[in-house]
Amino acid sequence: MKKALLYTILSCIYFIGITTKATAQQKTTDKAVFMYNAHKKPMYAGCEESKDPSVCLTHKLNEYTIKHFEYPAEAKEKKIESRVFITFNFTKTGKVTIKDIMVVPNTPEANNIFKKAVTKLFANIPNVTPGEDENGNKIDVLYNYPLIYRLNTPE
2 MKKALLYTIL SCIYFIGITT KATAQQKTTD KAVFMYNAHK KPMYAGCEES KDPSVCLTHK
62 LNEYTIKHFE YPAEAKEKKI ESRVFITFNF TKTGKVTIKD IMVVPNTPEA NNIFKKAVTK
122 LFANIPNVTP GEDENGNKID VLYNYPLIYR LNTPE
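Per this note's numbering, the sequence shown starts with residue 2, numbered consecutively.
Structure representation (C-alpha cells):
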C-alpha cells in the first residue's frame with residue numbers, strides 16, 4: 002500500500018506549486034500568497050541549505066505523508082477511491098493549517114470519508130520557518146498538495 006502511495010505522490014510532485022500560480026502579485030502581509038509568489042518560501046528544518054526550498058518542502062511533506070498515511074477503513078470496505086487536493090496555509094508563525102480540502106469525485110460519501118482522513122493525517126504536521134515578502138515581513142503562504150487514494154487491486 003505504501004509503495005503505491007509513494008509512486009502516486011512522486012508522480013504528482015511537479016503538480017505541486019505549478020497549478021497554484023496566482024494571477025496577480027499580492028503586496029500586503031495580511032493576505033496569504035501562493036507559494037509561487039512568496040519571496041522567501043516556508044522551510045522545514047533540514048532544508049536550509051537546499052538549492053530549491055520548495056522541492057525540499059515537497060520532499061518533507063511526502064516523507065510525512067508516507068510515514069503517517071492510512072487508507073480509511075470505510076473507503077476500503079466500500080471500495081471508494083478518490084483524488085484529494087489539499088491547500089495548506091503556512092502561517093506567519095510557522096504553523097501549518099489546512100485551508101481547504103477538495104475531494105474528486107465530489108460525492109457526499111467520498112467528501113465525508115476523505116476530508117476526515119486528510120484532517121487526521123495532517124493533524125500533527127510539523128511547523129515550518131515562515132515565508133517572507135520582499136521586505137522581510139513574515140507572510141502566510143498557500144500551498145497545494147495532491148493525494149490520490151487508490152486501492153491495490155490484483156492485475
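The beta-carbon is built from N, C-alpha and C at its ideal position, and this holds for glycine as well.
| query | result |
| --- | --- |
| Close beta carbons around Lys-42, own chain, < 8 Å, minus the five adjacent residues each side | Met-36, Pro-54, Ser-55, Leu-58, Gly-132 and Val-142 |
| Close beta carbons around Gly-95, own chain, < 7 Å, minus the five adjacent residues each side | Asn-128, Val-129, Thr-130 and Pro-131 |
| Within 8 Å, strictly: CB atoms of Tyr-72 and Tyr-150 | yes |
| Integer Cβ distance of Leu-122 from Phe-70, believed to fall under 8 Å | 6 Å |
| Span of the alpha helix (DSSP H), counted from its first residue to its last, around Thr-59 | 54 to 69 |
| 7 Å Cβ shell around Leu-62 - same chain, five flanking residues per side excluded | Tyr-146 |
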